[in-house]
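Residue numbers (this note's numbering): 71 to 336.
Ideal placement from N, C-alpha and C gives every residue a C-beta, glycine not left out.
Beneath this line is the structure, given in structure tokens, with notes to follow.
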Amino acid sequence: MKLGFIGCGNLAQAIISGLILKKTIKPQNIFARSRNLNNIKKFSQKNKIKICKTNQEVALNADIIFLATKPQDLAAALKEVKQLSAKKIIISLAAGVKVESIKKNFKSNPVARVMATLSAKIQSGVYGIYFFNCSQRDKKIIIKLFSSIGTPIVCKNQGQIDAITAGSASGVGFVFELMRLFQSWFIKNGFTLHHARLMAVETFLGAAKMAKHEKRQLEGLRNAVTSKKGTTLAGLKSMKNSKIDKKITKALTDSKSRAKELSKNF
Ligand SMILES: NC(=O)c1ccc[n+]([C@@H]2O[C@H](COP(=O)([O-])OP(=O)(O)OC[C@H]3O[C@@H](n4cnc5c(N)ncnc54)[C@H](OP(=O)(O)O)[C@@H]3O)[C@@H](O)[C@H]2O)c1
């Protein structure tokens with residue numbers, strides 16, 4: 071299987087690094103182009119992937135073509151790509167670009183719109199995938215590819231892609247903010263920044279790992295650390311009284327609305 075990347079910036083490099091580290095794809099089977107080839111010289115040399123001089127060259131070499139430019143640069147990049155075999159799979163990584171506008175350029179190709187994250191580099195994270203005109207075989211190939219670097223979730227509609235944009239892609243940012251609040255609170259209790267950061271991160275990591283490996287639902291896990299009249303209960307009561315559930319739900323909903331709004335431009 072050969073992969074081509076039209077655009078090879080932050081996200082494409084994270085995905086390529088993840089796939090190579092996991093040995094999903096051999097570096098010599100990855101072709102990439104950026105607008106200014108000097109920008110990917112170091113990365114391509116380090117990872118031994120092939121640089122192409124045109125986007126058409128990327129497209130001709132690849133079985134799966136990733137569209138990884140900024141949304142506003144996509145139209146110019148795709149002008150170079152002509153007469154593709156209908157077998158080639160197109161995967162658009164461009165945030166907010168609807169599948170219908172991708173299809174204008176690739177009428178007879180299977181297309182998938184994917185919401186990815188930079189944590190691809192550490193083979194982690196959620197990938198929201200919306201398939202359009204994909205056969206069962208195409209779907210299997212795409213899911214297998216993303217399974218090797220994280221957790222693919224198939225979306226029923228593009229509204230769910232907006233939800234994954236908010237809850238998972240931006241969600242990582244919300245979790246960083248919560249960790250930062252824990253860190254500040256530890257500092258207020260006299261710990262150094264070093265220890266405060268470590269404890270905040272390890273607390274989230276420990277909870278996430280436990281949630282991943284245990285079969286119990288999240289509610290059950292929460293209850294397991296909550297004893298009658300205990301310290302967890304005191305904190306949980308305070309969270310409930312401050313209506314944190316409504317506030318977090320609103321933050322996620324506002325973020326999803328913004329994703330929907332941005333996609334109106336493309
Ligand atoms: N970064 C994220 O966390 C993230 C998360 C979810 C979705 N996305 C989406 O992923 C896409 C890429 O984001 P990014 O952060 O990786 O952006 P980026 O770092 O700016 O990378 C964009 C790449 O596109 C190249 N490019 C621009 N015009 C081109 C053209 N005409 N032909 C070939 N290549 C061209 C750029 O080349 P030069 O550097 O030479 O200009 C660069 O390699 C965006 O659509 C974004 O919405 C990103």
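Rounded C-alpha distance that separates residue i from residue j
i: Phe-261; j: Leu-248; result: 18 Å
i: Gly-198; j: Val-224; result: 6 Å
i: Asn-179; j: Lys-120; result: 24 Å
i: Thr-187; j: Asn-259; result: 34 Å
i: Ala-164; j: Lys-140; result: 6 Å
i: Glu-150; j: Ala-132; result: 15 Å
i: Ala-190; j: Ile-85; result: 5 Å
i: Ile-257; j: Leu-322; result: 28 Å
i: Ala-239; j: Ala-129; result: 27 Å
i: Lys-112; j: Lys-316; result: 47 Å
i: Asn-175; j: Asn-227; result: 21 Å
i: His-283; j: Thr-124; result: 45 Å
i: Ala-102; j: Met-71; result: 15 Å
i: Lys-157; j: Gly-241; result: 35 Å
i: Lys-177; j: Gln-253; result: 51 Å
i: Leu-288; j: Ile-110; result: 43 Å
i: His-264; j: Ala-270; result: 10 Å
i: Leu-303; j: Thr-273; result: 17 Å
i: Glu-170; j: Arg-328; result: 19 Å
i: Phe-75; j: Arg-267; result: 36 Å
i: Asn-108; j: Gln-115; result: 11 Å
i: Ala-82; j: Leu-215; result: 14 Å
i: Ile-314; j: Gly-229; result: 25 Å
Distance cut-off 7 Å: residue i Cβ against heavy atoms of ligand 2
i: Ile-231; result: Ligand 2 is not part of this structure, which contains only ligand 1.
Secondary structure of residue i, DSSP reduced to three states
i: Lys-258; result: helix
i: Ser-162; result: strand
i: Phe-202; result: strand
i: Phe-252; result: helix
i: Val-169; result: helix
i: Pro-180; result: coil
i: Arg-286; result: coil
i: Leu-148; result: helix
i: Thr-221; result: strand
i: Arg-267; result: helix
i: Arg-105; result: coil
i: Lys-210; result: helix
i: Ile-110; result: helix
i: Gly-74; result: strand
i: Ile-121; result: strand
Residue of the options minimising C-alpha distance to residue i
i: Cys-78; options: Asp-208, Ile-212, Gly-305 and Ala-138; result: Ala-138
i: Ile-159; options: Asp-208, Tyr-200, Arg-267 and Ala-239; result: Asp-208
i: Ser-194; options: Leu-89, Arg-105 and Lys-316; result: Leu-89
i: Phe-202; options: Val-181, Lys-313 and Pro-222; result: Val-181
i: Leu-73; options: Arg-183, Ile-95, Thr-319 and Leu-81; result: Ile-95
i: Lys-330; options: His-283, Ser-217, Lys-168 and Lys-298; result: Lys-168
i: Gln-126; options: Ile-192, Ser-104, Ser-254 and His-265; result: Ser-104
i: Leu-91; options: Ala-82, Asn-117 and Ile-110; result: Asn-117
i: Ile-212; options: Trp-255, Val-196, Arg-286 and Ile-134; result: Ile-134
i: Ser-162; options: Lys-320, Ile-231 and Ile-192; result: Ile-231
i: Pro-222; options: Tyr-200, Gly-166, Asn-106 and Gln-206; result: Tyr-200
Residue i burial status per 10 Å Cβ neighbour count (16 or more: buried)
i: Met-280; result: exposed
i: Val-295; result: exposed
i: Ile-100; result: buried
i: Leu-148; result: buried
i: Met-185; result: buried
i: Ala-325; result: Looking at the sequence provided, one finds Ser at residue 325 rather than Ala. Flag for Ser-325 reads buried.
i: Leu-144; result: buried
i: Ile-172; result: buried
i: Ser-312; result: exposed
i: Phe-136; result: buried
i: Gly-276; result: exposed
i: Gly-220; result: buried
i: Leu-251; result: exposed
i: Arg-183; result: buried
i: Thr-235; result: buried
i: Val-196; result: buried
i: Gly-305; result: exposed
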